[in-house]
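Remarks on the structure that follows.
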Amino acid sequence: MRADLRSPSSIRERGDPSLATLIQQIINGLSLGSVYALIAVGYSLVYSILLFSNFAHGGFLVIGGYICYGTLRTFGTGIWMSGALALAGAGLAAVLTERLAYRPIRERTNVTLYLLIASMGMSIVIENIFVIVAGGRFRALPPVIPTAPVNLMGMATTSAFDLLSLVSAVVFLGALQLFLSKTRWGLAIRAAAYDLRTAGLMGVNVNLLISIVFFVAGALAAVGGIFLSVRYTLYPQLGAITIKAFVAAVIGGLGSLPGAVVGSLILGLAEMLTAGFISSQMRDLVVFSMLVVTLLVKPTGLFGKSVSEKV
Amino acid sequence: MSGYTEGILILLCINAIAAMGVSLLTGFTGIFSLGHAAYMALGAYTTAILTVQHDIHWLPAILLGGVVAVAVAYFIGVPTLKLMGDYYAIASIGLGEAIRLILENWQSVTRGARGYPGIDPYTTLPVALAFFVVLAVFMFNLINSRFGRACKACRDDHIASSLLGFHTARIRVLSLMISAFYCGVAGALLGGFLSFIQPVMFDMLKSTELTAVVVFGGLGSMSGSLLGTAVITLVTELFRPISQYRMLIYGAVLVIIMVLRPEGIMGNREFLSWVKAPFRRRA
């Protein structure tokens, strides 16, 4: 699951350490962070309901990326159609994963370790299905998302792609927030995040609720997957990048959605500022050092509930 | 004995040592790790640097490799294992990646991504076997000792066990440190077996493999972990020609075991009751 996470656009990231570069790196960092946020929020949502780390989450991202690539290449559909298909496909794959691998386990036992191991297995399965079916090589998405440079009122230059991914992430996260706060199912999900059993006793259809949560998480991961495959090209191990979304979720506080968003933005900024001002090779090291420091200083993260053992 | 057979036997001993370490942590204490290859890397690099650059004899170097792994495990374990939930699992991914990146970028000490050549081939079959036997006897004693039972109690119900007076956080950290020592020694032996180590050898795939072996053999069964190691090491050798399907089958087997038989091949029973019998008197 190892991947070279360095950006092919690293030439653009280097430059004179000036104010323009700073602004540019901040925009790039927010853009990257917002893509992490899409992934981290879905992961955090599943964690808040079932209390296990779904390591297959990166697989949903890859499924979304490949559906988008496949439909663009074979059927020549537009980006909107392909994007919608990718979202639906990844969402359904997530629901299917839950039905096949997680539901039989959680119906039998409440040991989350078994779910964790099954999710690790699913992550390996999904990655290697794509290795066998699509081959391990790197694929570039057709130029459906504009990447031309954009000048921001003469202050800094950034690419249209960065602005677009930032805007899309904000739109999707806003939609999620509306769904969670304004709809009946959103209310049920918030109740289940507080206590799944009690929510079930209050008449919530728990199995349907979990399916909805997995669909939402899979669809959000697919959005992230499409943007990441434009940024880094598409390959079966692209899902490994979810490690950074996990890190972001821990920095923000496991199971907290605002925490996942804030953690992702911090991570994206740290990564891009390191790439811009220190060295491109140090960015992954900075990410993992931030994880270790967070766990040492405040293990529950910025917004996490205290989960320390109390007896 | 041909060189090939001997090589497989040495590899089997090394994998079994690492598997025993992970088994104590995952199978007996219920903590999931996705970064144990990092402890192997620490052991391997420490031993390589000590033997090649400082001319220290390989035996103390291997033990020091294990000690370095233990020190890092303590540093990571104390803050994360106080918390319930998947904090250690995620910290272990971070640790694994961070250590691999440090090894790749710290050119002056580790010689970077191209690897560390010229390690003395000290891991002969007798050496590997001796390490395996000593560590196995210690481990089988350990899991039937007071500490081993405390680990199982923490795994099964951490609230009940802390009500019984066990310091659950301390037991979890200690369990992690012992498992890190086993992996450190296994890594050090691997370095001596191959005479060459590379950061890529200790990536997340290796960590996953370590845990998969333990799950396959049966969580909570030390002999199951050894059986799992033997099966997976030999199957890996047999299926080398169709290696692209190997990982797919691997993942599918993990899921299927969790769905159909989460207790693994052996469940939590031990296979070699005749080995266990002499130690049972003390229980």
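Those protein sequences? They're chains A and B, same order as listed.
Residues 9 to 319 in this note's numbering are what the first sequence lists, from first letter to last.
Residues 1247 to 1529 in this note's numbering are what the second sequence lists, from first letter to last.
Just so it is clear, CB atoms sit at the ideal spot from N, CA and C, and this is done for glycine as well.
When 9 Å is used as the limit between beta carbons, residue 1336 of chain B is near these residues of chain A: 61, 251, 254, 255, 257, 258, 262, 299, 303, in chain order. Residue 1372 of chain B and residue 1362 of chain B have their alpha carbons spaced roughly 24 Å apart. Shown in chain order are the members of the segment 1478-1496 of chain B whose Cβ falls below 8 Å from a Cβ of chain A: 1490, 1491, 1493, 1494, 1496. DSSP assignment within the segment 124-195 of chain A yields the following whole beta strand (DSSP E) runs of 3 residues or more, N-terminal first: 157-160, 164-167. Every alpha helix (DSSP H) stretch that sits fully inside the segment 1427-1469 of chain B and reaches 4 residues is listed by chain position as 1450-1463. Taken in chain order, the complete alpha helix (DSSP H) segments of 4 residues or longer contained in the segment 46-132 of chain A are 65-82, 87-105, 111-116. Secondary structure at residue 277 of chain A: helix, using DSSP grouped into helix, strand and coil. Contact annotation: residue 1503 of chain B and residue 1461 of chain B have beta-carbon atoms nearer than 9 Å. Identification of residues in the segment 1261-1278 of chain B having a C-beta nearer than 7 Å to some C-beta of chain A yields 1276, 1278, given in sequence order. Annotation: residue 1387 of chain B has no Cβ neighbours in chain A at a cutoff of 9 Å; minimum Cβ distance is about 25 Å. Against chain B, the CB of residue 239 of chain A has no partner CB under 9 Å away; the residue lies outside that interface.
Residue 1345 of chain B and residue 34 of chain A have their C-alpha atoms some 28 Å from each other. With a contact defined as Cβ atoms closer than 8 Å, residue 1275 of chain B and residue 1429 of chain B miss out at about 15 Å.
Annotation: the continuous alpha helix (DSSP H) that includes residue 252 of chain A extends over 250-260. Pairing residue 137 of chain A with residue 1494 of chain B, the inter-Cα distance amounts to about 7 Å. Within chain A, the residues placing a beta-carbon under 7 Å from that of residue 1340 of chain B are 255, 296, 299, 300, ordered along the chain. Rounded to the nearest whole angstrom, the CA to CA distance from residue 1303 of chain B to residue 173 of chain A is 56 Å. About 5 Å separates the Cβ atoms of residue 126 of chain A and residue 1501 of chain B, confirming a contact at the 8 Å cut-off.
The Cβ of residue 288 of chain A sits no closer than 9 Å to any Cβ of chain B. Of A:178, A:223, A:166, the smallest CA-CA separation from residue 197 of chain A is found for A:223. Taken atom to atom, the span from the alpha-carbon of residue 51 of chain A to that of residue 1254 of chain B is near 40 Å. Taken through DSSP and simplified to helix, strand or coil, residue 1329 of chain B comes out as strand. Here the C-alpha atom of residue 124 of chain A lies approximately 11 Å from the C-alpha atom of residue 55 of chain A.
For residue 1499 of chain B, the closest C-alpha among the options A:132, A:62, A:103 is that of A:132. Residue state for residue 1362 of chain B is assigned as strand, using DSSP reduced to three classes. About 14 Å separates the beta carbons of residue 262 of chain A and residue 1325 of chain B, which is beyond the 8 Å limit, so they are not a contact pair. Rounded to the nearest angstrom, the gap between the Cα atoms of residue 60 of chain A and residue 134 of chain A is 19 Å. Of all residues in the segment 1293-1327 of chain B, only 1321, 1322, 1324, 1325, 1326 place a beta-carbon less than 9 Å from a beta-carbon of chain A. Contact between residue 194 of chain A and residue 188 of chain A holds, since their C-beta atoms are separated by about 4 Å, short of 8 Å. Chain B has no Cβ within less than 9 Å of the Cβ of residue 147 of chain A. A direct Cα-Cα distance of roughly 43 Å separates residue 292 of chain A from residue 1410 of chain B. Apart from the 5 residues on each side of it in sequence, residue 1271 of chain B sits with its Cβ closer than 7 Å to the Cβ of 1277, 1279, 1421, 1422, 1425 in its chain, given in chain order. Within the same chain, Cβ atoms closer than 8 Å to the Cβ of residue 48 of chain A are found at 253, 254, 256, 257, 260, 268, 269, 271, 272, the five residues on either side in sequence being excluded. Under a 10 Å Cβ-count criterion, residue 1479 of chain B is classified as buried, with 16 or more other Cβ atoms of the shown protein chains found around its own Cβ. With a threshold of 9 Å between beta carbons, residue 1450 of chain B makes contact with chain A. In this model, residue 1487 of chain B and residue 1351 of chain B are separated by some 33 Å (Cα to Cα).
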